[in-house]
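*Asks:*
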Amino acid sequence: MYRVLVNDGMQQEAIDKLKLLGIEVVDTHYNQDILGETLKSFDAVVIRSATKLTKEILKKASEGQLRLSIRAGVGIDNIEVEYAKSLGITVKNTPNASSNSVAELAIAHIFSVARFLGISNFTMRNGEWNKKQYKGTEIYGKTLGIIGMGRIGQSLAKKAEVLGMKVIYYTIEGKHDNLHYEFLDFEEVLRKSDFLSLHTPYDKNKGPLIGENEFSMMKNGIYIINCARGKVVDEKALLKALESGKVSGAGIDVFEDEPTKNLDLINDPRVSVTPHIGASTKEAQNRIGDEVVSIIREFFNL
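FYI, my numbering numbers position 102 of the sequence shown as 107, with every residue one higher than the one before it.
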């Protein structure tokens, strides 16, 4: 019987499907300090963003029977992927499941920063009626720059276009021949965007994608949306850009450290914040669970 550790939780329906395949599922969270030793007795592990599969943990786990690690989500930057592969541990993720949910949250943040929804909610509940202070901007006719045109970026582009936005994009893979949106160099997207939405992984070897230099290239008054990875944007540089007026508003779902302790950022009235909930919809979680089951079934030929 194969054993699977679900270390950060998963939909019960998916757990039940795994059990029907004859798999022993342990739905328990083990802390980092004991995870490596624990994984010796498991054939597969399923994690989300809370768990990090470091080299130390993977090395210890490889001394046992671990053969498969699955990130129940899109990004795999919390797994030492190449090191895992060198140990014979296969790394998988679920890239298809949450694209629409993340794109919808990006749209929500665009509306929030354009129309002061977050701060309006807060001040009204404090008994304030600041009607004249919250003069927003329409998104219709504005240019949305998308950095990273994978599944999420493409889903966002479709939604933004329906709302009347002009979409331009840059992606490291180059122009997508099947897309009619305008492909530009990275710096040109920065210069021409009224709104900028980021949908790229974090490259620890290169550091933040957006820092002081990149902010200096942007239009005065740009709006930034980050539903990708927190470290893609230098938070100190973002705060500086907000304070100077270079950035009019920021919608942020992900942070350099999570849970974030950057109170200056999350308390800024021009910032709309959510606690990394891009994939947190019933539909996305059901799809993620189904994709995890499919990966395990195929890997172990069940």
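C-beta: ideal position from N, C-alpha, C; glycine also.
Would you kindly work out how many angstroms separate the C-alpha atoms of K97 and N105, rounded to a whole number?
*Replies:* Answer to the nearest angstrom: the Cα atoms are 20 Å apart.
*Asks:* Mind checking P213: buried by the 16 CB within 10 Å criterion, or exposed?
*Replies:* P213 is buried by the Cβ-count criterion.
*Asks:* With a threshold of 8 Å on Cβ separation, who are the neighbours of P264 within its own chain once the five nearest residues in sequence on each side are excluded?
*Replies:* Correct list, in chain order: P280.
*Asks:* What whole-angstrom Cβ distance do S74 and V50 have, given they're in contact under 8 Å?
*Replies:* Indeed, because the Cβ distance is near 5 Å, the residues count as touching under 8 Å.
*Asks:* Considering Cα atoms alone, identify which of G93, V238, E296 and A255 is closest to I124.
*Replies:* I124 has its Cα closest to that of A255, out of G93, V238, E296 and A255.
*Asks:* Where R196 and S221 are concerned, what is the direct C-alpha to C-alpha distance, given to the nearest angstrom?
*Replies:* Those two C-alpha atoms are separated by around 9 Å.
*Asks:* Would you list the one or two residues that DSSP bridges to G254?
*Replies:* Answer is Y228.
*Asks:* Out of A55, S299, S249 and I282, state which residue places its alpha-carbon closest to the alpha-carbon of R275.
*Replies:* Answer by Cα proximity: S249.
*Asks:* Would you kindly work out how many angstroms separate the C-alpha atoms of H204 and F47, rounded to a whole number?
*Replies:* Near 33 Å, if we compare the C-alpha coordinates of F47 and H204.
*Asks:* So I151 is in the beta strand (DSSP E); what residue range does that whole segment cover?
*Replies:* Here the beta strand (DSSP E) through I151 covers T148 to I152.
*Asks:* Three or more beta-carbon pairs under 8 Å between the stretch 235-248 and the stretch 125-133, yes or no?
*Replies:* With a cut-off of 8 Å, the stretch 125-133 and the stretch 235-248 do not count as touching, because too few Cβ pairs lie within range.
*Asks:* Keeping to the same chain, check which residues put their C-beta closer than 6 Å to that of R156; ignore five residues upstream and five downstream.
*Replies:* The residues are S104.
*Asks:* Tell me which same chain residues have a C-beta within less than 7 Å of the C-beta of A108, skipping the five on either side of it?
*Replies:* Taken in chain order, the residues that qualify are I157, S160, L161 and K164.
*Asks:* Quick one, which of V278, I144 and I81 has its alpha-carbon nearest S198's?
*Replies:* Nearest C-alpha to S198: I144.
*Asks:* Compare the C-alpha of I152 against each of Q16, I229 and K65 and name the closest.
*Replies:* The shortest C-alpha separation from I152 is found at I229.
*Asks:* Taking the alpha helix (DSSP H) that T128 falls in, what are its first and last residues?
*Replies:* Per DSSP, T128 belongs to the alpha helix (DSSP H) from L122 to R130.
*Asks:* Quick one: give me the first and last residue of the beta strand (DSSP E) that F200 is part of.
*Replies:* Where F200 is concerned, the enclosing beta strand (DSSP E) stretches over F200 to L203.
*Asks:* For L110, which of D182, G294 and V278 has the nearest alpha-carbon?
*Replies:* Here the closest residue by C-alpha is V278.
*Asks:* Contact defined as beta carbons within less than 8 Å: I believe D13 pairs with I52. What is the distance between those atoms, to the nearest angstrom?
*Replies:* The pair is a contact, with the Cβ atoms about 5 Å apart (cut-off 8 Å).
*Asks:* Compute the beta-carbon to beta-carbon distance between N83 and S54, rounded to the nearest angstrom, for a pair I have assumed lies under 8 Å.
*Replies:* Rounded, the Cβ-Cβ distance is 6 Å, consistent with contact.
*Asks:* Taking 8 Å as the limit between beta carbons, can you name the residues of its chain near V9, skipping five residues before and five after?
*Replies:* Closer than 8 Å at the Cβ level, and outside the excluded window around V9, lie L23, I28, E29, V30, V31, F47, D48, A49, V50, V51 and I301.
*Asks:* Among residues of its own chain, excluding the 5 on either side of L168, which ones have a beta-carbon nearer than 8 Å to its beta-carbon?
*Replies:* Excluding sequence neighbours, L168 sits near I112, I144 and Y145.
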